[in-house]
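Q:
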Amino acid sequence: MKDEVTSREERIENLKGMGCSRKRVEDARFTQGKGNYVDDIKLDGMLFGDFVRSPYAHAKIVNIDTSAALEVPGVLAVLTAKDLEPLGLHWMPTLAGDRQMVLADGKVLFQGQEVAFVVAVDRYAAADGIEAVEVEYEELEVLVDPFKAMKSDVVLRPDTVAEDGSPAAGAHGPRKHHNHIFTWEAGDKGPTFETIDNAEVVAEETMYYHRTHPCPLETCGCVASMDKVNGKLTLWGTFQAPHAIRTVVSLISGIEEHNIRVISPDIGGGFGNKVGAYPGYVCSVVASIVTGKPVKWIEDRMDNLMTTAFARDYHMTGRVSATREGKITGLHCHVTADHGGFDACADPTKFPAGFMNICTGSYDIPTAFLQVDGVYTNKAPGGVSYRCSFRVTEAVYFIERMIEVLAIELNMDAAELRRINFIKKEQFPYKAALGWEYDSGDYHTAWDKALKTVDYEGLRAEQAQRVEDFKAGKTRSLMGIGLSFFTEIVGAGPVKNCDILGLGMFDSCEIRIHPTGSAIARLGTISQGQGHATTFAQILASEIGLPADSITIEEGDTDTAPYGLGTYGSRSTPVAGAATAMAGRKIRAKAQMIAAYLLEVHDNDVEFDVDRFVVKGAPEKFKTMKEIAFAAYNQAIPGIEPGLEAVSYYDPPNMTYPFGAYICVMDIDVDTGLPEIRRFYALDDCGTRINPMIIEGQVHGGLTEALAVALGQEIAYDDMGNVKTGTLMDFFLPTAWEVPNYETDYTVTPSPHHPIGAKGVGESPHVGGVPCFSNAIQDAFRPFGNRHTNMPHDHWRIWKTANELGLHD
Amino acid sequence: MIPAAFEYHRPKDMAGVLSILEEHGDDARVMAGGHSLIPMMKLRMADVPHLIDLQDVGGMSDIEIDADTIRIGAMVTQHDIIDNEALAQAAPILREAALQIADPQVRYMGTVGGNVANGDPGNDMPGLMQCLDATFTVVGPDGERDIAAREFYEAAYMTARGDEEVLTAVTIPVPMGGYAYEKQKRKIGDYATAAAAVQIVKDGGSCVSASIAMTNLSDTPIYSEAAGDALVGTSLDDAAIKAAVAAMLDDIDPTEDNRGPVAFKKHVAGVILRRAIERAWSRA
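Protein chains in written order, with our numbering: chain Z, 1 to 809; chain X, 810 to 1093.
Dropping the structure here:
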């Protein structure tokens, strides 16, 4: 038998299990243009819907005249809020406990807001129909600044005012003002303030983390098809959480859940943009019910940038206290969060500011206090986690900037300041002042490795020389060394803490082994490019001893996949990956009994070895998993049901806490504001590594999105609430030209509570990358008196920093 | 991003083009590569009931080089400019500039004629052609006429070309001396924050002629005669370059946009021009 001459090493290699750089099985179709995205779906008689959008940021709707639009050839219907109201669908619930208009109900609150939905035979007729809808607006005072909004008499949302005229309570408690959404607090205010007030050294800083947008390559869209004969609604769409969408659609439409099938086909990137529910989904469903035909809605790029789910927009003020030697004693953070016209943040219900309370970072800070105030303005709703777990990017940017500012205050090297304050390896599991329990970490080892690899001392010497040369007029270029050490909090999450709209954030995997020794596994998650079909098969290969190439991974169809909460916040590996391993272990447990029967020994006398069960002490006596699979279906085994299947729903006991050390070396042209990234080193510790090649790809992608955000990517508004960056000409999406070479590295500190020790990696590089790029720029100007400048660091803002420091005189 | 309905015309010769233009006047526009016009139509900012595609007209895709002049047909693409060795020998500034326009995909479609005729202040070729003292040939119902590039641009999207005329060729005197096209932009595919085209002739250590034009720093390209004059007769010492930069700054009139405020643009314009002058001088 061939098996007998195959070495154990070869058998391991043949599985392509965990730890190998298995090539992505998805790429064959993606690189050949054979993917199947939502816009590729074409059904008989399919109609196309598109929106009339508001040109104003704040206006009363006086009248909507659809008569001319209905005369446009090919236009079948125009829906307005009046049509949706009898169905109770003119407003919809948001993920944050607020409500959002589906179509403008009496007023509009942001530029680009959905006013009417034109349904036509194709998208060309719909575009002509949109132009023919006549909307009469009465402009209202626009509030784009959350601080002004909190003082303004202008009421943005009439539903925020109680009958007696006072601010009505919101979903997360009382309001301070009618334009105020919530106050959320974590930590101990009294002790923190006392510590800071009595500290030897205090550093304070105010920083604005600007509004930006995840901007996936594929925009949002859906196809709704209501079959009036069997009463079933099928909804294809760009959903990062298909099961949650099914439940939400059922709850708001009244259609029973078994009559709704939600399918996420291939998705071209999500990054948080595709977590929420959008008016386009609701209108497409209604239009399909009204017309009896399938209705497609696809955003164009401008729609996507201007209206669906922005990210960030946090005004943060920090105070950090320390001893003169640099040991941090306390941290205070206040955030004014600009949520736009509706609070549509995609956060677990109990966390209206996400996991912003991870803002003590990687440091052992004894006492801390966080307060977040959410505010309505005339901007688009959203507040999603753009390639990060909930608000973690904001938290890590905040603490990594505060560390730099404290280093300036202490006149200390920022790398050393970090080292002094890191949580020590032996302190894990570590209970942070703001409530989280970090599972595992070895920060000092990672930091030392990073500093040594880049020759940190040498870089600092070179930088000092550059400053001298600059002052002597020998160069007009400055050198910045960006440091960042981050701890992520991912894998939401324990159901006791984390739900979205009441849906617990577990995840799931269901496995069927076929008689000939191949398998299909279905999960509650959905890949948007992460390569789940590749990596989950690797987890299973190692767990059940069948080759990854013989395992199909399927996600995204709610009629076939087990219930799960989807893919965002780096939760797929920590939660669904754990479910996969646990389901695999159930398969293995049954396989053990079958093997023992076949080998005529007791269950306890066989043990698993790569791809087989062997009789303990007699490795020549074995049954391969392939043989066991066949026997499971085709041999009558007393006391054992036929078949080999398993399902696991996994509720993680804790989050996972990936971490990493990043260093960026940058040269900055003081006269033009052009930054040139000379070197970028990224060390990631994501626990057990499933596929090193995919990890590297994820790191490259996350860093590139970090570069974008740090160096220019923003959704900017003028005073009238007009979006200034609504196209890719002005919204910075880096191309190969703008992207530097990245050096990747790693350490491995497994998660102690995860079945395979994996922590998740997709978002780490973004979380750690943004402060690293920003710190490099800020560091270049530190010798000339810079403490902090706000992102995005585009050419003119870098130039402005230089100019204000007198470097152009 | 879907244009209003339009009639698509694809005439086989220039007579056909002109007759459609004559018939529809303002309602008709010719299209070469389409990389300026089609986005404007998709945004419904340009209303073009009759679109005339020049692809089949022929006779406008040649690059002809003789001892004194270079003639570039209006349908020559940016890629053709980059790809033409003889042209790179005769006028290397053209390749240097074309390589800084957009990205390869756009350069395969975008044409020299479209770039200069559209009158978009962000386009790179108009300033470059002013620097090189090019002549644009247009043909209309009354036959052909030539317009100097330096006289062509009136305001953003407003040029000396009549509505019923088609720009067919660009003629350039073979440039002499050193050259540089220096451009600052935010990313690949962006218009210039500031760009400078410089052509300098040096004789015995002193500058005998200098031509300077700037891009995207006013609502038209800016040929700064005074900036060039400030260099002539000098050895391009620091004082001369400063004088040239100061003269250029007097001629430009940038506006604030997402690239930055006016003060920044003027500063960068000065830096870019200085670098262009120094590079051109080093090649002269």
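Where is the CB? At the ideal position from N, CA and C, for every residue including glycine. Quick caveat, the model's predicted, so the values are computed rather than measured.
1. What separation, rounded to the nearest whole angstrom, lies between the Cα atoms of C498 (chain Z) and K350 (chain Z)?
2. Give the DSSP-derived three-state secondary structure of G146 (chain Z) in the structure shown.
3. Could you compute how far the alpha carbon of F271 (chain Z) sits from the alpha carbon of Y386 (chain Z)?
4. Can you tell me which of Z:E10, Z:R24, Z:T6 puts its alpha carbon nearest to the alpha carbon of A823 (chain Z)?
5. Which ranges does the beta strand (DSSP E) cover as unbroken runs of at least 3 residues, wholly within the stretch 259-302 of chain Z, from first to last along the chain?
6. For N932 (chain X), count neighbouring C-beta atoms within 10 Å of its own C-beta (all shown protein chains included) and say buried if the count is 16 or more, exposed if not.
7. Ignore the nearest five residues each way along the sequence and tell me which others in E960 (chain X)'s own chain have a CB closer than 8 Å to its CB.
8. Would you kindly work out how many angstroms separate the C-alpha atoms of N790 (chain Z) and R1084 (chain X), rounded to a whole number?
9. Let's see if you can read the secondary structure: which residues bound the alpha helix (DSSP H) around H816 (chain Z)?
10. Applying a beta-carbon distance threshold of less than 9 Å, which residues of chain X neighbour M302 (chain Z)?
11. If we cut at 8 Å on Cβ distances, does A813 (chain X) have a partner in chain Z?
12. Under 9 Å Cβ-Cβ, which residues of chain Z neighbour G1070 (chain X)?
13. Whole angstroms are fine: how far does the CA of D507 (chain Z) sit from the CA of G17 (chain Z)?
14. What residues from chain X crowd round D671 (chain Z), counting only those whose CB sits closer than 7 Å?
15. Please list, in chain order, the chain Z residues whose beta carbon lies closer than 9 Å to that of Q914 (chain X).
16. What did DSSP end up calling N14 (chain Z) once you bin it into helix, strand or coil?
17. Please classify T6 (chain Z) as buried or exposed, where buried requires at least 16 neighbouring CB atoms within 10 angstroms.
18. Buried or exposed: where does S67 (chain Z) fall if 16 or more other Cβ atoms within 10 Å of its Cβ makes it buried?
19. Can you name the start and end residues of the beta strand (DSSP E) that T445 (chain Z) belongs to?
20. What does T1002 (chain X) reach in chain Z if we use C-beta pairs closer than 7 Å?
21. From which residue to which residue does the beta strand (DSSP E) around F536 (chain Z) run?
22. Using beta carbons (cut-off 8 Å, strictly below), is R787 (chain Z) in contact with chain X?
23. Check the DSSP bridge columns for M479 (chain Z) and list the partner residues they point to.
24. Which word fits F731 (chain Z), buried or exposed, when buried means at least 16 other C-beta atoms lie within 10 angstroms of its C-beta?
25. Beta-carbon of K2 (chain Z) versus every beta-carbon of chain X: anything under 8 Å?
26. Would you kindly check if the distance between the Cβ of P494 (chain Z) and the Cβ of G524 (chain Z) is under 8 Å?
27. Nearest to L451 (chain Z) by CA position, among Z:A96, Z:I423, Z:G491, Z:S484, is which residue?
28. Just the Cα atoms here: how many angstroms apart are W799 (chain Z) and L852 (chain X)?
29. Name the DSSP bridge partner or partners of E257 (chain Z)?
30. Output needed for A578 (chain Z): all residues of its chain with C-beta closer than 7 Å, excluding positions within five of it in sequence on either side, in chain order.
31. So, helix, strand or coil for N63 (chain Z), using DSSP?
32. Tell me the DSSP bridge mates of L139 (chain Z)?
33. For a contact defined as C-beta to C-beta under 9 Å, what are the partners of D128 (chain Z) on chain X?
34. Any contact of the stretch 583-596 of chain Z with the stretch 626-634 of chain Z, i.e. 3+ C-beta pairs under 8 Å?
35. Would you report the Cα separation of T516 (chain Z) and T580 (chain Z), rounded to the nearest angstrom?
36. By Cβ distance, which residues of its chain are closer than 6 Å to G35 (chain Z), with the 5 residues on each side in sequence left out?
A: On the basis of the data shown:
1. Position 498 of the first sequence, counting from 1, holds the residue named residue 498 (chain Z). Position 350 of the first sequence, counting from 1, holds the residue named residue 350 (chain Z). When rounded, the distance between both Cα atoms is 7 Å.
2. Within the first sequence, the letter at position 146 stands for residue 146 (chain Z). One point to set straight first is that residue 146 (chain Z) is Pro, not Gly, in the sequence displayed. Here P146 (chain Z) sits in helix by DSSP.
3. As a first step, residue 271 (chain Z) is located in the first sequence; it is residue number 271 there, counting from the start. As a first step, residue 386 (chain Z) is located in the first sequence; it is residue number 386 there, counting from the start. Approximately 5 Å, taken between the alpha carbons.
4. A query on residue 823 (chain Z) cannot be resolved here, the shown segment of chain Z reaching from 1 to 809 and no further.
5. 260-263, 295-298
6. In the second sequence, counting from the first residue as 1, residue 932 (chain X) sits at position 123. That one is buried.
7. Here residue 960 (chain X) refers to the residue found at position 151 of the second sequence. Around E960 (chain X): A969.
8. To locate residue 790 (chain Z), count along the first sequence from 1; it is residue 790. To locate residue 1084 (chain X), count along the second sequence from 1; it is residue 275. If you take the alpha carbons of N790 (chain Z) and R1084 (chain X), they lie about 29 Å apart.
9. Beyond the ends of chain Z as shown, which are 1 and 809, falls residue 816 (chain Z); an answer cannot be given.
10. The residue given as residue 302 (chain Z) occupies position 302 in the first sequence. Those are M810, L852, listed as they occur along chain X.
11. To locate residue 813 (chain X), count along the second sequence from 1; it is residue 4. It does; some Cβ of chain Z falls within 8 Å.
12. By 1-based counting over the second sequence, the position of residue 1070 (chain X) is 261. A small correction: the amino acid at residue 1070 (chain X) is Pro; Gly does not occupy that position in the sequence shown. Per Cβ cutoff of 9 Å: W796, K800.
13. Residue mapping note: residue 17 (chain Z) aligns to position 17 of the first sequence, counting from 1. Residue mapping note: residue 507 (chain Z) aligns to position 507 of the first sequence, counting from 1. Each residue's alpha carbon lies about 22 Å from the other.
14. For the purposes of this step, residue 671 (chain Z) is identified with residue 671 of the first sequence, where counting begins at 1. Here the neighbours are V1080.
15. The sequence position of residue 914 (chain X) within the second sequence is 105, counting from 1. Near Q914 (chain X) there are no residues of chain Z at all, since even the closest Cβ is about 11 Å away, more than 9 Å.
16. For this step, residue 14 (chain Z) is matched to residue 14 along the first sequence. In the structure shown, N14 (chain Z) sits in a helix (DSSP, three-state: H, G or I).
17. Here the question's residue 6 (chain Z) lines up with position 6 in the first sequence. That one is exposed.
18. Residue 67 (chain Z) sits at position 67 when you count from the first residue of the first sequence. Counting Cβ neighbours within 10 Å, S67 (chain Z) comes out exposed, since fewer than 16 surround it.
19. In the first sequence, residue 445 (chain Z) corresponds to position 445, counting from 1. Run containing T445 (chain Z): none in the beta strand (DSSP E); it sits in the alpha helix (DSSP H), 443-453.
20. Your numbering for residue 1002 (chain X) matches position 193 in the second sequence. Simply H795.
21. Along the first sequence, one-based indexing puts residue 536 (chain Z) at 536. Careful: F536 (chain Z) lies outside any beta strand (DSSP E), inside the alpha helix (DSSP H) at 532-544.
22. For the purposes of this step, residue 787 (chain Z) is identified with residue 787 of the first sequence, where counting begins at 1. False, the Cβ-Cβ gap to chain X never drops below 8 Å.
23. As a first step, residue 479 (chain Z) must be located in the first sequence, where it is residue number 479. Looking at the DSSP assignment, M479 (chain Z) forms a beta bridge with Z:D667.
24. In the first sequence, the residue the question calls residue 731 (chain Z) occupies position 731. So F731 (chain Z) ends up on the buried side.
25. In the first sequence, residue 2 (chain Z) corresponds to position 2, counting from 1. Residue placement at K2 (chain Z) cannot be trusted, given a pLDDT of 48 that sits under 50; what the coordinates show is reported in the next sentence. K2 (chain Z) does not count as touching chain X.
26. As a position in the first sequence, residue 524 (chain Z) is number 524, starting the count at 1. As a position in the first sequence, residue 494 (chain Z) is number 494, starting the count at 1. No.
27. Here residue 451 (chain Z) is taken as the residue at index 451 of the first sequence, counted from 1. Comparing Cα positions, the closest option is Z:S484.
28. For this step, residue 799 (chain Z) is matched to residue 799 along the first sequence. For this step, residue 852 (chain X) is matched to residue 43 along the second sequence. Roughly 33 Å between the two C-alpha positions.
29. Locating residue 257 (chain Z) in the first sequence gives position 257, counting from the first residue. DSSP lists no partner for E257 (chain Z).
30. Position 578 of the first sequence, counting from 1, holds the residue named residue 578 (chain Z). Only Y650, P652, H754, P755 meet the Cβ criterion.
31. Position 63 of the first sequence, counted from the first residue, corresponds to residue 63 (chain Z). Of the three classes helix, strand and coil, the one that applies to N63 (chain Z) here is strand, per DSSP.
32. Mapped onto the first sequence, residue 139 (chain Z) falls at position 139. Strictly speaking, residue 139 (chain Z) in this sequence is Glu, with Leu absent from that position. Partner(s): Z:A59.
33. In the first sequence, residue 128 (chain Z) corresponds to position 128, counting from 1. Those are I811, A813, A814, listed as they occur along chain X.
34. yes
35. Counting from one through the first sequence, the residue named residue 516 (chain Z) turns up at place 516. Counting from one through the first sequence, the residue named residue 580 (chain Z) turns up at place 580. T516 (chain Z) and T580 (chain Z): Cα-Cα distance of roughly 21 Å.
36. For the purposes of this step, residue 35 (chain Z) is identified with residue 35 of the first sequence, where counting begins at 1. Hits under 6 Å: R29, D266.
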